[in-house]
Amino acid sequence: MRADLPEDVYLWVNAAEGLTYTDAEAEAWQAIDPHFHYSRDPHPSLGAACRTGDGVLSVDGDGEVRRCHFVDTPLGNLYDGSFAAALGPSPCPLTTCDCHIGYVHLETLDLYDVFRGGVIERVPAVMPPRAPGPPQEAPHRPTPPRADGRPGLSAPPGSGW
Ligand code: SF4
Numbered sequence: 363m364r365a366d367l368p369e370d371v372y373l374w375v376n377a378a379e380g381l382t383y384t385d386a387e388a389e390a391w392q393a394i395d396p397h398f399h400y401s402r403d404p405h406p407s408l409g410a411a412c413r414t415g416d417g418v419l420s421v422d423g424d425g426e427v428r429r430c431h432f433v434d435t436p437l438g439n440l441y442d443g444s445f446a447a448a449l450g451p452s453p454c455p456l457t458t459c460d461c462h463i464g465y466v467h468l469e470t471l472d473l474y475d476v477f478r479g480g481v482i483e484r485v486p487a488v489m490p491p492r493a494p495g496p497p498q499e500a501p502h503r504p505t506p507p508r509a510d511g512r513p514g515l516s517a518p519p520g521s522g523w
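Right under this line is the structure:
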């Protein structure tokens, strides 16, 4: 896929949840996505300043407002306005943050600048330079079984996701 795209088109590679990458494996993905290192490992977040709960919110279909998709504590409801009193800066209460839609809002990271073209959509401000030479074949790793015993999704070799 990377080889078929124009050089000025960014291809995002999301690290697989729950997998630990060796340096060699990460290097192969990094050759395809120069920003892969941001998603390689969960980000320590406990006590860190995070924009959620202030300028960023998560709202479900019933109007329940939470600071983000990962912290269960409700701030109030969108439709009765009860969430408004709870808005304001507050540190992350969780140990780590392992999803782009969450950690992109950490003030300890520079991702608002890196993805200034679209913070949530992961559009880089500038196209990052890739390693010289053709992209390496990214390693294919088996996906751990899901908790419910059903097979997990796995990426086909060379698919780039
Ligand atoms: S760092 Fe992640 S888990 Fe913590 S508050 Fe921010 S978005 Fe939520």
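Numbering (my numbering), first residue to last: 363 to 523. A virtual CB, placed ideally from N, CA and C, is assigned to each residue, including glycine. These figures come from a predicted structure and were not determined experimentally.
Using 7 Å as the threshold, is the C-beta distance between F445 and V466 below it?
no
So what does DSSP say about L473, is it helix, strand or coil?
If DSSP states are grouped into helix, strand and coil, L473 belongs with the helices.
Around the Cβ of D395, are there at least 16 other Cβ atoms within 10 angstroms (buried) or fewer (exposed)?
buried
Proximity winner among F477, D416 and H405, relative to T457 (alpha-carbon distances)
H405
Please report the Cβ distance between L449 and D416, rounded to the nearest whole angstrom; I am assuming they are in contact, meaning their Cβ atoms lie under 8 Å.
About 6 Å; that satisfies the 8 Å criterion.
Find the nearest neighbour of V481 within the set P451, V418 and D424, judged by alpha-carbon distance.
V418
Classification of Y400 by the beta-carbon crowding that lies within 10 angstroms, buried from 16 upward
buried
For R492, tell me which candidate among M363, Y372 and E469 has the shortest Cα-Cα distance.
Y372
For H405, three-class secondary structure by DSSP
strand
Check whether the Cβ of S407 sits closer than 6 Å to any heavy atom of the ligand SF4, and report yes or no.
yes
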